[in-house]
Amino acid sequence: MTDGQLHQVAVQIRSRVRAWCGLGTGAGIGPTPTLAKLASYAAKRVTKTGLVNLMDPEDRLLMLRIAPVCEVWGIGPAVSEKLRLMGVKSAADFASLPRHVIEREFPVTVLRTQLELNGVCAVPLTGNDGTREMINVSRSFSVRIETAEGLVTAAVAFAEKASIKLRKQGSVASAMRVYARSSPFEDRHAPFARTVTVPFSQPLADSRAYARAAAQAARAIYKPGVRFSKVGVLLMGIQSATEMYQQDMFGYDAGAEQRVMGAMDEINAKFGRGTVVLGRTVSASKGSGENVSPVFSCRLSDLKLVY
48 MTDGQLHQVA VQIRSRVRAW CGLGTGAGIG PTPTLAKLAS YAAKRVTKTG LVNLMDPEDR
108 LLMLRIAPVC EVWGIGPAVS EKLRLMGVKS AADFASLPRH VIEREFPVTV LRTQLELNGV
168 CAVPLTGNDG TREMINVSRS FSVRIETAEG LVTAAVAFAE KASIKLRKQG SVASAMRVYA
228 RSSPFEDRHA PFARTVTVPF SQPLADSRAY ARAAAQAARA IYKPGVRFSK VGVLLMGIQS
288 ATEMYQQDMF GYDAGAEQRV MGAMDEINAK FGRGTVVLGR TVSASKGSGE NVSPVFSCRL
348 SDLKLVY
């Protein structure tokens, strides 16, 4: 598309969203994802017109001079503060830094961001459905966990959720990390945090094996008197289930695992999530759901009352 065509598409999108949904939206156009995000920021905060096009090099340079470096997509608070100490204030200052300085002082992701600001596409346009290299499931608890059984139950429940996500993307994992901590804001006790990593003899995606590993790790983490406020499970060493890997010589039946887990996933997909679960997770603590959006179409309790 030409610059003019891109601009026209953005105008049509904004017009249609306003007509169909009654919502005002902003749009940013740029030759790279980072510049497009910067254009979107400018449309809302700088020009306040709702649409900014940075395809023209002169317009791009002007906006880089105006925008503070902290508003650049990919520049977090820590990096922004370090850049400030180096005398970098605007996006233009950052874009003009020598490459060897970026490579020496920052990770490669910051270098990619700088390349993007200079019009070089360095961030792939991928959706959120790509294969994850790590899968994390965690939760903070308003009601603290004070018993070993409660900690085990929470860890097992999160391990099962992580295994479902893993199988959904067609992967297996070679290790699991279980972590838990107390609240750092409680004055009665010193903060407590502990992590246990459990390696597997071969990569797998079996909820039952994950449950055993999570229970073992949770028991090792538990400390009497500690009021745990957060528990999490992290799957690591993720690879495709179709890749070749070293088999367990002591008789682990990967085929049986796939059949059982496949049947479990199929039943839950057909009859609803949680139809078939591991026995230990039945009593797992559920979230309070205080900030969950109402489901007007399928929950009577969420319907508005009219008197």
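In this text, residue positions in the sequence shown follow our numbering: the first is 48, and each later residue adds one. Note that CB positions come from ideal geometry on N, CA and C, so glycine has one too.
Check the Cα spacing between Ala258 and each of Thr242, Val225, Cys68: the tightest is with Val225.
Take Thr72, set aside five residues on each side of it, and the residues of its chain with a beta-carbon closer than 8 Å to its own are Ile60, Arg61, Val64, Arg65, Gly97, in chain order. Residues of the same chain with a CB within less than 6 Å of the CB of Lys277, apart from the 5 flanking positions on each side, are Ser187, Arg228 in chain order. Scanning the segment 221 to 277 from its first residue to its last, the whole beta strand (DSSP E) runs of 3-plus residues come out as 240 to 251. Its chain contains Tyr88 as the residues whose beta carbon lies nearer than 6 Å to that of Glu118, once the 5 sequence neighbours on both sides are disregarded; these appear in chain order.
Runs of beta strand (DSSP E) with 3 or more residues, each lying fully within the segment 148 to 210, are found at 182 to 192, listed in chain order.
Per DSSP, Met311 has no beta bridge partner at all. Positions of the alpha helix (DSSP H) runs, each at least 4 residues long and wholly inside the segment 86 to 148, are given as 104 to 113, 124 to 132, 138 to 142 in order along the chain. Secondary structure of Gly75 (DSSP, three-state): strand. DSSP places Gly51 inside the alpha helix (DSSP H), whose first and last residues are 50 to 68. Thr49 and Pro238 have their C-alpha atoms roughly 57 Å apart. Of the other Cβ atoms in all chains shown, fewer than 16 fall within 10 Å of the Cβ of Thr178; this residue is therefore exposed.
The beta carbon of Glu152 sits closer than 8 Å to the beta carbons of Lys129, Met133 from its chain, once the five residues preceding and following it are set aside; these are given in chain order.
Rounded to whole angstroms, the gap between the alpha carbons of Pro250 and Met308 is 15 Å.
By the neighbour-count criterion, in which a residue is buried when 16 or more other Cβ atoms sit within 10 angstroms of its Cβ, Arg306 is exposed. Taking Ile268 as reference, the option from Ile182, Thr194, Asn183 with the minimal CA-CA separation is Thr194. Under the DSSP definition of a beta bridge, Gln286 partners with Val219.
Going by C-alpha positions, Ala222 is about 6 Å away from Val245. Leu213 sits in a helix when the DSSP states are folded into three classes.
Looking at the DSSP output, Leu281 sits in a beta bridge with Asn183, Arg224.
Rounded to whole angstroms, Leu347 and Pro271 show a C-alpha spacing of 42 Å.
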